[in-house]
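Enquirer: Take a look at this one; I'll ask things after.
Protein chains in written order, with our numbering: chain A, 119 to 535; chain B, 119 to 535.
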């Protein structure tokens with residue numbers, strides 16, 4: 119089965135891929151390499167506007183990846199652009215922070231119940247590494263509990279790859295199973311009197327695995343264990359932060375962390391990450407040395423202040439939830455109409471799409487190629503993301519194309535059988 | 119002795135500091151905290167323009183920190199701004215990289231003799247961690263040799279602070295003394311058959327220590343050791359990259375690394391880092407998973423392409439060297455006229471200022487306060503940075519203020535004695 123739009127050897131995308139093959143390892147690295155998306159997907163992009171992205175060959179797509187998370191208000195939201203440009207026009211990276219650093223820290227402390235302070239970085243990995251470092255500094259302990267298979271970044275202590283990683287990089291990690299209290303209890307027991315932190319993602323979003331929201335019992339058990347020995351409960355809110363709850367994603371289960379990491383959506387695409395923490399970890403945060411050349415730059419912080427203002431004003435998480443529900447239920451109903459069983463798991467605003475009996479996501483791959491050919495950019499293995507630019511009209515426009523793609527998939531299936 | 123401009127409790131800077139004290143640990147973290155500069159220095163900045171920065175209270179300074187390195191062409195260089203804005207106006211962070219990723223990788227491969235490929239990140243720490251990971255992945259070995267006291271980033275394996283760091287984070291590091299071949303030989307011997315990499319900074323730029331350019335013999339010895347066992351020679355060019363030699367800083371000593379890290383100046387303040395490598399480490403670079411949410415964003419790469427173009431056109435490193443020489447010799451001569459002995463060490467474009475018999479840099483601190491009061495922003499402990507916006511006229515304007523500051527320092531000294 120081939121995409122309705124064949125691969126085009128003379129396309130600008132193909133030309134850029136050929137050039138990249140010489141000067142970029144593997145043609146591209148990391149999560150945005152085209153090898154991670156179905157054949158026929160573009161590697162290179164030109165622009166974004168609201169809920170739409172355009173590839174370098176001028177093809178437009180309704181975008182359900184939102185740059186793999188960062189875009190929460192839609193591409194190039196005018197108010198956010200104006201806020202960022204206002205600082206960029208005066209200078210972004212100076213000899214110290216701008217006033218936006220204080221505005222943003224105040225805003226996050228006001229918004230996030232566990233937060234007594236905030237500090238800022240560039241990558242989600244920066245924020246998670248900082249959280250773990252602060253937990254160890256604050257407790258004087260070493261063991262860090264992480265869920266098996268969870269993604270917390272792409273640096274040696276937590277990377278999904280072990281290429282170039284030494285055993286010592288992970289010497290003090292102990293693994294538990296997300297949402298499994300018994301496995302958490304066992305990991306805590308294994309840590310003995312050396313427990314520095316329990317790390318948990320906002321929800322279970324391991325690649326290609328059915329997503330799970332956090333179980334209340336599990337979340338409370340993690341909190342109780344940390345309280346019992348003074349360890350830090352670290353919430354990895356890099357992927358979900360601001361989409362599910364403006365107070366932090368675990369407000370939805372009533373459990374507050376000691377430290378939390380943010381990145382992706384907090385500045386609508388401007389490069390920024392944040393760590394929030396409570397006063398118990400303030401002394402550690404005052405003493406640990408973490409820094410980066412661009413961590414104080416003003417424009418991303420100005421953007422983030424505006425993002426928060428808009429999300430509050432627009433009741434962001436509720437609207438994203440509703441948009442996600444419209445998208446997810448529309449897609450699964452469309453699938454059923456054409457004889458396919460599709461599950462959308464996890465929070466509707468950050469859904470993972472899986473076809474029944476499709477462990478390699480190959481049917482999903484073909485389906486995604488069919489939707490791409492009809493101007494809808496989906497992902498068959500990684501969770502997707504909704505934004506406030508995903509209005510009912512745009513979601514319905516996408517669902518029409520999606521229904522047509524399911525019809526084509528059904529025709530191909532009967533032709534194959 | 120007090121600054122000619124007293125601290126102003128009602129200044130906007132003071133108000134922001136008071137607010138920051140509540141919501142940011144220690145009031146500010148990392149290398150841009152005001153605690154790292156003399157009392158009276160502003161914490162918060164409003165804007166930059168060419169060789170000048172303005173603090174939040176509207177005070178202007180001729181800037182010899184260049185945002186601690188990133189600004190190499192001057193703040194808000196119009197051609198760089200235009201290049202970055204051209205992409206920002208279409209979207210920065212999309213579902214994949216833009217064409218600028220290929221343009222930039224090609225440009226770096228063309229410019230840097232050792233480079234067969236490039237990949238991009240956000241922080242200097244990202245680039246250094248990636249280099250070490252690639253060295254281990256490519257060699258299958260673990261030991262990494264680093265110079266005692268060298269700064270390679272602020273993550274646990276290399277941070278200057280050990281707060282929150284475990285012994286295992288540095289289990290496979292072996293330390294040598296920069297420019298000391300015997301100590302390097304001993305470290306290589308200690309690594310035995312497990313040598314993955316020798317890491318060296320472009321030059322010795324440890325905080326508060328007289329800077330040293332790399333010794334040819336030392337650089338060649340590092341290369342020879344790596345060649346003998348197939349280890350990677352990693353050049354940390356984060357601080358110096360593009361200021362000393364567009365082909366990589368060790369072109370000046372005729373030694374080429376296998377892997378090099380870049381950040382700071384490569385995009386004139388836009389957030390970007392890069393790793394370059396040769397084909398021997400291409401397979402490792404194809405397999406290791408390193409990534410970040412904003413690593414593919416187009417505007418910083420568009421900026422970097424333009425930065426390189428301008429540095430080539432303007433003979434950047436030579437002009438920066440000449441500007442640095444004018445600044446350094448003018449300052450030391452001015453010092454001598456007023457009875458002070460000041461050394462400017464390291465490359466003139468990245469000089470460290472030290473007063474004789476001033477181990478705590480206290481005389482330097484007072485002097486910096488005097489120059490700040492006269493509109494010149496210097497640093498008394500960290501190296502400074504020149505940019506192409508530092509014209510002869512601006513340097514001479516700064517030197518006039520500097521001479522006046524030395525005169526005041528001399529008057530204060532005689533008043534004290």
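For glycine and all other residues, C-beta sits at the position ideal for the given N, C-alpha and C. Bear in mind the structure is a predicted one, so any value in this text is a computation, not a measurement.
Taking C-alpha atoms, which residue in B:248, B:306, B:268 and B:291 lies nearest to residue 282 of chain A?
Expert: B:248
Enquirer: Could you work out which residue in B:433, B:285 and B:466 is closest to residue 331 of chain B when comparing CA atoms only?
Expert: In terms of Cα proximity to residue 331 of chain B, the closest of B:433, B:285 and B:466 is B:466.
Enquirer: Output needed for residue 430 of chain B: all residues of its chain with C-beta closer than 6 Å, excluding positions within five of it in sequence on either side, in chain order.
Expert: Counting only Cβ-Cβ distances below 6 Å, and skipping sequence neighbours, we find nothing.
Enquirer: Would you mind telling me which residues of chain B sit closer than 7 Å to residue 224 of chain A, beta carbon to beta carbon, in chain order?
Expert: 137 and 141
Enquirer: Would you mind working out which of A:432, A:417 and A:472 sits nearest residue 364 of chain A, comparing C-alpha positions?
Expert: A:432
Enquirer: Assign residue 512 of chain A to one of three DSSP states: helix, strand, or coil.
Expert: helix
Enquirer: Restricting to Cα atoms, I'd like to know which of B:531, B:493, B:515 and B:524 is closest to residue 172 of chain B.
Expert: B:493
Enquirer: Could you check what DSSP says for residue 387 of chain A in three-state terms: helix, strand or coil?
Expert: coil
Enquirer: Based on the DSSP secondary-structure assignment, which residues constitute the bridge partners of residue 275 of chain A?
Expert: Per DSSP, none; premise fails for residue 275 of chain A.
Enquirer: If you follow the alpha helix (DSSP H) that residue 246 of chain B is in, where does it begin and where does it stop?
Expert: 242–257
Enquirer: On the CB-based measure, 16 or more other CB atoms within 10 Å of its CB, does residue 355 of chain B come out buried or exposed?
Expert: buried
Enquirer: Tell me, please, which residues DSSP counts as bridged to residue 237 of chain B.
Expert: B:393
Enquirer: On a CA-only basis, which of B:244, B:390 and B:398 is nearest residue 218 of chain B? Give me that one, please.
Expert: B:390
Enquirer: How about residue 382 of chain B: is its C-beta nearer than 7 Å to some C-beta of chain A?
Expert: yes
Enquirer: Residue 387 of chain B and residue 211 of chain A - do their beta-carbons sit closer together than 7 Å?
Expert: yes
Enquirer: Determine, using beta-carbon pairs with one atom in the segment 179–186 of chain A and one in the segment 157–171 of chain A, whether at least three such pairs fall under 8 Å.
Expert: Taking one beta carbon from each stretch, the segment 179–186 of chain A and the segment 157–171 of chain A have 3 or more pairs nearer than 8 Å; the two touch.
Enquirer: Report yes if the C-beta distance between residue 315 of chain A and residue 358 of chain A is below 7 Å; otherwise report no.
Expert: The answer is no: Cβ separation not under 7 Å.
Enquirer: Compare the beta carbon distance of residue 306 of chain A and residue 343 of chain A with 7 Å and say whether it is the shorter of the two.
Expert: Result yes, Cβ atoms of residue 306 of chain A and residue 343 of chain A sit closer than 7 Å.
Enquirer: Which residue wins for smallest C-alpha separation from residue 197 of chain A, given the options A:424, A:440 and A:526?
Expert: A:424
Enquirer: Alpha carbon to alpha carbon, how far is residue 193 of chain B from residue 372 of chain B? Give it in angstroms, no decimals.
Expert: Straight-line Cα distance between these residues: approximately 32 Å.
Enquirer: Going by alpha carbons, who is nearest to residue 436 of chain B out of B:532, B:460, B:454 and B:505?
Expert: B:505
Enquirer: Do you know offhand how far residue 292 of chain A's Cα is from residue 265 of chain A's?
Expert: 8 Å
Enquirer: Does any residue of chain A bring its CB to less than 7 Å from the CB of residue 158 of chain B?
Expert: no
Enquirer: Taking the alpha carbon of residue 426 of chain A as the reference point, which residue from A:499, A:445, A:223 and A:378 has its own alpha carbon closest?
Expert: A:223
Enquirer: With a 10 Å radius around its C-beta and 16 neighbouring C-beta atoms as the bar for buried, classify residue 120 of chain A as buried or exposed.
Expert: Reliability fails at residue 120 of chain A, whose pLDDT of 38 lies under 50, so the model's placement of it is uncertain and the value that follows must be treated cautiously. Under this definition residue 120 of chain A is an exposed residue.
Enquirer: Can you tell me whether DSSP reads residue 329 of chain B as helix, strand or coil?
Expert: Looking at residue 329 of chain B - three-state DSSP - the assignment turns out to be coil, as it is neither helix nor strand.
Enquirer: Are the CB atoms of residue 261 of chain A and residue 302 of chain A within a distance shorter than 7 Å?
Expert: no
Enquirer: For residue 335 of chain B, which residues in the same chain have their Cβ closer than 8 Å to its Cβ, ignoring the five residues on either side in sequence?
Expert: 299
Enquirer: If we require 3 or more residues per run, which beta strand (DSSP E) segments fall completely within the segment 301–355 of chain A?
Expert: 313–319 and 350–354
Enquirer: Can the beta-carbon of residue 233 of chain A be found less than 7 Å from the beta-carbon of residue 239 of chain A?
Expert: no
Enquirer: Nearest chain B C-beta to residue 414 of chain A closer than 7 Å, yes or no?
Expert: yes
Enquirer: Under the three-state reduction of DSSP, which class applies to residue 532 of chain B: helix, strand or coil?
Expert: helix
Enquirer: Helix or strand or just coil, what does DSSP make of residue 261 of chain A?
Expert: strand
Enquirer: Terminal residues of the continuous alpha helix (DSSP H) containing residue 291 of chain B?
Expert: No alpha helix (DSSP H) holds residue 291 of chain B; the beta strand (DSSP E) holding it covers 291–294.
Enquirer: Report the CB separation of residue 237 of chain B from residue 399 of chain B in whole angstroms; it is logged as a contact under 8 Å.
Expert: Contact doesn't hold; Cβ gap of about 11 Å is too wide.
Enquirer: Tell me residue 163 of chain A's beta-bridge partners as DSSP assigns them.
Expert: A:173
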